[in-house]
Amino acid sequence: MTGIICWLVLWLLNTERVAVRQLEETQLLEAYASDLNKEFDRALISVRVLSVLSREDDLSNDQFQNLAGALYSQLDGILSLQLAPDGVVSFMYPDDLSSGIRGQKLLEHPVTKDSARAAIASRQILIDGPRMLNQGGRGIVVRLPIFQQEQFWGFATAVFRLNDLLTRIRLKELKTLGFDFNIWVNSESEPLQSLFDSAIPADATDIRSLDIEVANQIWTLGIRSTDSSLISYISWAEILVAILITWLASALAYSTSQLYRHRNELSLLVDERTADLKQSEVNLKQAQRVARLGSWYKPPDTGVRYLSDQAMHILQVNESTQDLTRYMGLISPEYQAGFEAFCSSQAKGNRSVEYMINTGSRLIWIREVVEFDPLSQKLIGTIQDITKDKQNQAVIWHQANIDDLTELPNINYSKNLLADNLNLLDASSDSVALMLFDIQHFKVVNDSYGKKTGDQLLIAVAERLSQAFPDALLIGRFAADLFLVALKREANIAEKNPVGAVVEKQFESPLHINEVLRYVSFNIGIAYWPKDGATVDELLQSTEIALHAAKAHGEQGHICHYSSSLLDSSKEQDELSRDLRVAIRENEIFMVYQPVVDAASETVVGVEALVRWQHPVKGFIGPDKFIPIAERNGLIFSLGKAIFRCVSKDSQMLAEQGLGELRININISRSQFFDDGFSDFLAHELKTGFSAGQKITLEVTESYELMDYDALNTVISKVDNEFLQWSLDDFGTGYSSYSAIGLLPVDNIKIDRSFISAIEQSEVDQAIVRNIIAMAHTLKKSVTAEGIEKQEQAQLLKQMDCDYFQGYFYSKPLAPDTLVDWYRDNKCVNDMRMANH
Numbered sequence: 048m049t050g051i052i053c054w055l056v057l058w059l060l061n062t063e064r065v066a067v068r069q070l071e072e073t074q075l076l077e078a079y080a081s082d083l084n085k086e087f088d089r090a091l092i093s094v095r096v097l098s099v100l101s102r103e104d105d106l107s108n109d110q111f112q113n114l115a116g117a118l119y120s121q122l123d124g125i126l127s128l129q130l131a132p133d134g135v136v137s138f139m140y141p142d143d144l145s146s147g148i149r150g151q152k153l154l155e156h157p158v159t160k161d162s163a164r165a166a167i168a169s170r171q172i173l174i175d176g177p178r179m180l181n182q183g184g185r186g187i188v189v190r191l192p193i194f195q196q197e198q199f200w201g202f203a204t205a206v207f208r209l210n211d212l213l214t215r216i217r218l219k220e221l222k223t224l225g226f227d228f229n230i231w232v233n234s235e236s237e238p239l240q241s242l243f244d245s246a247i248p249a250d251a252t253d254i255r256s257l258d259i260e261v262a263n264q265i266w267t268l269g270i271r272s273t274d275s276s277l278i279s280y281i282s283w284a285e286i287l288v289a290i291l292i293t294w295l296a297s298a299l300a301y302s303t304s305q306l307y308r309h310r311n312e313l314s315l316l317v318d319e320r321t322a323d324l325k326q327s328e329v330n331l332k333q334a335q336r337v338a339r340l341g342s343w344y345k346p347p348d349t350g351v352r353y354l355s356d357q358a359m360h361i362l363q364v365n366e367s368t369q370d371l372t373r374y375m376g377l378i379s380p381e382y383q384a385g386f387e388a389f390c391s392s393q394a395k396g397n398r399s400v401e402y403m404i405n406t407g408s409r410l411i412w413i414r415e416v417v418e419f420d421p422l423s424q425k426l427i428g429t430i431q432d433i434t435k436d437k438q439n440q441a442v443i444w445h446q447a448n449i450d451d452l453t454e455l456p457n458i459n460y461s462k463n464l465l466a467d468n469l470n471l472l473d474a475s476s477d478s479v480a481l482m483l484f485d486i487q488h489f490k491v492v493n494d495s496y497g498k499k500t501g502d503q504l505l506i507a508v509a510e511r512l513s514q515a516f517p518d519a520l521l522i523g524r525f526a527a528d529l530f531l532v533a534l535k536r537e538a539n540i541a542e543k544n545p546v547g548a549v550v551e552k553q554f555e556s557p558l559h560i561n562e563v564l565r566y567v568s569f570n571i572g573i574a575y576w577p578k579d580g581a582t583v584d585e586l587l588q589s590t591e592i593a594l595h596a597a598k599a600h601g602e603q604g605h606i607c608h609y610s611s612s613l614l615d616s617s618k619e620q621d622e623l624s625r626d627l628r629v630a631i632r633e634n635e636i637f638m639v640y641q642p643v644v645d646a647a648s649e650t651v652v653g654v655e656a657l658v659r660w661q662h663p664v665k666g667f668i669g670p671d672k673f674i675p676i677a678e679r680n681g682l683i684f685s686l687g688k689a690i691f692r693c694v695s696k697d698s699q700m701l702a703e704q705g706l707g708e709l710r711i712n713i714n715i716s717r718s719q720f721f722d723d724g725f726s727d728f729l730a731h732e733l734k735t736g737f738s739a740g741q742k743i744t745l746e747v748t749e750s751y752e753l754m755d756y757d758a759l760n761t762v763i764s765k766v767d768n769e770f771l772q773w774s775l776d777d778f779g780t781g782y783s784s785y786s787a788i789g790l791l792p793v794d795n796i797k798i799d800r801s802f803i804s805a806i807e808q809s810e811v812d813q814a815i816v817r818n819i820i821a822m823a824h825t826l827k828k829s830v831t832a833e834g835i836e837k838q839e840q841a842q843l844l845k846q847m848d849c850d851y852f853q854g855y856f857y858s859k860p861l862a863p864d865t866l867v868d869w870y871r872d873n874k875c876v877n878d879m880r881m882a883n884h
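Right, here's the structure in full:
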């Protein structure tokens, strides 16, 4: 009886041990399966985080390396992170060139093409493997197909070495706890794989197993006990020995203590795995913070979604549960419909949306990416704060399209805007006037008063133009001092509309620049769409040709409308410009000299050097044609130097022939006069190019620039030569007033020929000339009258006490050798008159 009782007790305790052991197996299986599932979650999240980079417009390797490096350092076990735009591996971390992976075409490579194409077809994350890796060893490849606006963009890929993955979940510790284990992988495209060849087979009946669904695969973890000493069957020998109660009690006590030891070891292992899992979650959260990326999921048939900590931080909310209807109220109205469709779609593949929300403290830009999981029927998404990206894009766009100074569209953006406007119009009934405004004398203001003053002038002009043309299709800054204005006009309005009147009225009051009042005038070129150009480039070309024609009219502001004759003239001037460059280089330029007569002594006291051009094909070309071209195209500097060298060479010959006492007058351009290097060049030429004691007068045409008296004095003071004088040419036609003559640091005033040509018949011209001479003499300046062609004119000017005479009445311009012969034959004015009549 005692034996039976002992056997029954033994059997009951053994049954309890079996139950406890089974419970232990179940807990271990669930714990290890959970750890394995968490590892796969990390793998899936890593490629979703990496896919964010596909939204960058111009993804650089530095951007990829920064984000991939952060993920790599925070998520243990990753062997490689890759991005493959268009299916070609272009970005890789670590960047191991020796692996041969960089540049691999996933859709064509025999190892990857099937799984890559399957991923595109399913539009979902797929796991490829386990298989042998290029880097060596067996592993799995997690591949996410990325779609943008329903178009395939490429793949985000994470590669895990299988041994590293399994080592992280410490499966081998099961051996020490008395269990065998194995993992089987089942997928549609691959047969059942066993990861441990020597472990328990898949068809064993005494195992416990648990399936883990991972993307396109099912991983099965199975374990079974190997320790039969704890779960043994009762034998008759034990019944006989059961009499020994003390021994049996000791054996049971030992067995029970061993059981509890196993249970404690299991508890410690679970605690360790829980700690590892928590650390992995911390690392993942840190990686999300680095990427400014949060995550969320939305269960089926609900109006709420559940946010990660980083998502809560991005949206500045304190609750992880978010009511989508209430949240939509924070989104800017223009983006609400897109967000609603985004949250309700269950299409395959990932989709994205961008929108702006008001968090209460500030406006932020959000980008979300979502993917529908058909297994769980959940929407799983990521959320990212892209406010800085949008701000950077806005800065880049502004820098590329808007002029920093005037805040007007720049030339490139102006062309785009003009093209957009023209595309909206009907060429058969609509017309557009395109105008180029060129600020007169801007260079003088900029050079004389500094760039700051020039910039302020440009800003003020931009504001006035915007006020003058409030209905303009476009007002932009075309170049340094050029502004572009486009106006829509009805086809029946005359082309000669009063644009000039509008501009004159707007700019009739001066601009306040640095506490100084400045008046502004323009040269304006106008062309019309579609008559003068059907495309933007054609229309702009016509407008520029019209502007060049307007600038060619002289000092005063002028408006010129495009015509076909202007195009011919423009082509002719371009051809002359090219020929002039060659002429300067090939010495086709030469000088002629016109005598200057002293009115009192009636003797020749000087000559004016005049430039001429003998074209090898076109023959003689007058200076009135080629000098303006040289001014516009920047050839005036090389032309001016060529003139000085010709004159210096001729002066030496004249001196050798006995004409060294004659003063030589040389014309210089306004551009030369204000050129930084002109004074140094002039000083050098006067010292080395001319004969000693040669008297020189430099003639500068009266202009707007010369009214800057401080700048004029600065230039003149740099050239210190006792034989050098200065003359103001063409006086009376430009910007000077009588009261301003005294401020001009010149020695001679040369009255323009327009006042002389009919002076014997015009009392008005006589009064003007008489006043100029009187004022100049009062200021101790001599006066020269040019363009004298009649004896009556000379006699009248002599009565007015004019100092010097010049004109065809005395002599036409002569070549240097002809001048020598002419001078020897004409010793006085009377001789000259006899020679000319």
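Here the sequence shown stands for residues 48 to 884, where the numbers follow this note's numbering. No residue lacks a Cβ here, since even glycine has one placed at the ideal position from N, Cα and C.
Practice problem: Could you give the DSSP three-state label for Phe-770: helix, strand or coil? | Solution: coil
Quiz item: When burial is assigned at 16 or more other CB atoms within 10 Å of the CB, is Leu-729 buried or exposed?
Solution: With 16 or more other Cβ atoms from the protein chains shown falling within 10 Å of its own Cβ, Leu-729 counts as buried.
Exercise. Please go through the same chain and pick out, in chain order, the residues whose beta-carbon is closer than 6 Å to the beta-carbon of Pro-577, but skip the five residues on each side of it.
Key: Ala-474
Quiz item: From the DSSP output, which residues share a beta bridge with Val-351?
Solution: Answer by DSSP bridge pairing, in chain order: Asp-370.
Quiz prompt | Buried or exposed by the 16-neighbour rule on C-beta atoms within 10 Å, applied to Asp-109 | solution = By the C-beta density criterion, Asp-109 is exposed, having fewer than 16 other C-beta atoms within 10 angstroms.
Quiz item: If we count the other Cβ atoms within 10 Å of its Cβ and call it buried at 16 or more, is Ile-281 buried or exposed?
Solution: Note on Ile-281: pLDDT 48, under 50, position unreliable in the model; no value is reported.
Quiz prompt | Minimum C-alpha distance to Met-847 - residue among Tyr-140, Trp-773, Val-816 | solution = Closest in C-alpha terms to Met-847, from the list Tyr-140, Trp-773, Val-816, comes Val-816.
Quiz prompt | Limits of the unbroken alpha helix (DSSP H) element including Phe-728 | solution = First-last of the alpha helix (DSSP H) with Phe-728: 725–735.
Self-check item: One or two residues paired with Gln-431 in a DSSP bridge
Solution: Leu-340, Arg-414
Quiz item: To which residues of the same chain is Tyr-570 closer than 7 Å at the C-beta, ignoring the five residues directly before and after it?
Solution: Going by the sequence as given, residue 570 is Asn instead of Tyr. Correct list, in chain order: Asp-485, Gln-487, Leu-594, Ala-597, Lys-598, Gly-604, His-605.
Practice problem: Give the secondary structure of Glu-885 by DSSP, where H, G and I count as helix, E and B as strand, and everything else as coil. | Solution: Outside the displayed range of the chain (48 to 884) lies residue 885, so it cannot be described from this structure.
Quiz prompt | Backbone CA spacing between Gln-772 and Thr-590 [nearest angstrom] | solution = Between Gln-772 and Thr-590, the C-alpha separation is close to 43 Å.
Practice problem: Assign Gly-501 to one of three DSSP states: helix, strand, or coil. | Solution: helix
Exercise. Check Gly-201 in the structure and name its three-state DSSP category.
Key: strand
Quiz prompt | Buried or exposed by the 16-neighbour rule on C-beta atoms within 10 Å, applied to Pro-248 | solution = exposed
Quiz item: Do you know offhand how far Thr-434's Cα is from Tyr-382's?
Solution: 15 Å
Quiz item: When you compare only the Cα positions, how much space is there between Ile-820 and Ser-738?
Solution: 33 Å
Quiz item: Ala-832 by DSSP, collapsed to three states: which one?
Solution: strand
Quiz item: From this set, Arg-149, Ser-120, Tyr-119, which residue's C-alpha is nearest Leu-130's C-alpha?
Solution: Considering only alpha carbons, the answer is Arg-149.
Quiz prompt | Same chain only: Cβ atoms within 6 Å of Cys-693, ignoring 5 sequence neighbours per side | solution = Met-638
Quiz item: Is the segment 84–103 in contact with the segment 182–192, if contact means three or more CB pairs nearer than 8 Å?
Solution: yes
Quiz item: What does Cys-849 pair with, by DSSP beta-bridge criteria?
Solution: Residue pairing by DSSP places Cys-849 in no beta bridge whatsoever.
Quiz item: In whole angstroms, what is the alpha-carbon distance linking Ala-31 and Leu-455?
Solution: What is shown of the chain runs 48 to 884, which leaves residue 31 out entirely.
Quiz prompt | Pick from Ile-763, Asn-714, Ala-646, Ser-764 that is closest to Ala-841, judged by C-alpha positions | solution = Checked all of Ile-763, Asn-714, Ala-646, Ser-764; the closest Cα to Ala-841 is Ala-646.
Exercise. Say whether the segment 667–682 touches the segment 860–868, bearing in mind that this needs 3 or more beta-carbon pairs closer than 8 Å, one atom from each stretch.
Key: no
Quiz item: Pairing CB atoms from the segment 156–169 with CB atoms from the segment 209–226, are three or more of them under 8 Å?
Solution: no
Exercise. Specify whether the segment 373–388 and the segment 417–434 touch according to this definition: at least 3 beta carbon pairs, one from each stretch, less than 8 Å apart.
Key: Contact between the segment 373–388 and the segment 417–434 is absent: fewer than three C-beta pairs spanning the two stretches fall below 8 Å.
Quiz item: Does DSSP put Asp-251 in a helix, in a strand, or in coil?
Solution: Per the sequence shown, residue 251 should be read as Ala rather than Asp. Residue state, collapsed to three classes: coil.
Exercise. Within 10 angstroms of the Cβ of Lys-696, are there 16 or more other Cβ atoms? Answer buried if so, exposed if not.
Key: exposed
Exercise. Can you check DSSP and say which residues form a bridge with Asp-524?
Key: One detail in the question is off: residue 524 reads as Arg in this sequence, not Asp. Looking at the DSSP assignment, Arg-524 forms a beta bridge with Phe-530.
Exercise. Spell out the partners DSSP gives Ile-798 in its beta bridges.
Key: Phe-778, Ala-832
Quiz item: According to DSSP, what are the bridge partners of Phe-138?
Solution: Leu-130
Practice problem: Might you give, ordered along the chain, the residues of its own chain that have their beta carbon closer than 6 Å to the beta carbon of Leu-481, omitting 5 neighbours on each side? | Solution: Ala-533, Ala-574, Leu-586, Thr-590
Quiz item: In chain order, what residues of the same chain lie with their CB nearer than 8 Å to the CB of Glu-938, ignoring the 5 residues before and after it?
Solution: Not covered by the structure: residue 938. The range shown for the chain is 48 to 884.
Quiz item: Is it true that the CB of Val-793 sits closer than 8 Å to the CB of Ser-764?
Solution: no
Quiz item: In angstroms, rounded to a whole number, what distance separates the CA positions of Ala-581 and Ser-399?
Solution: 40 Å
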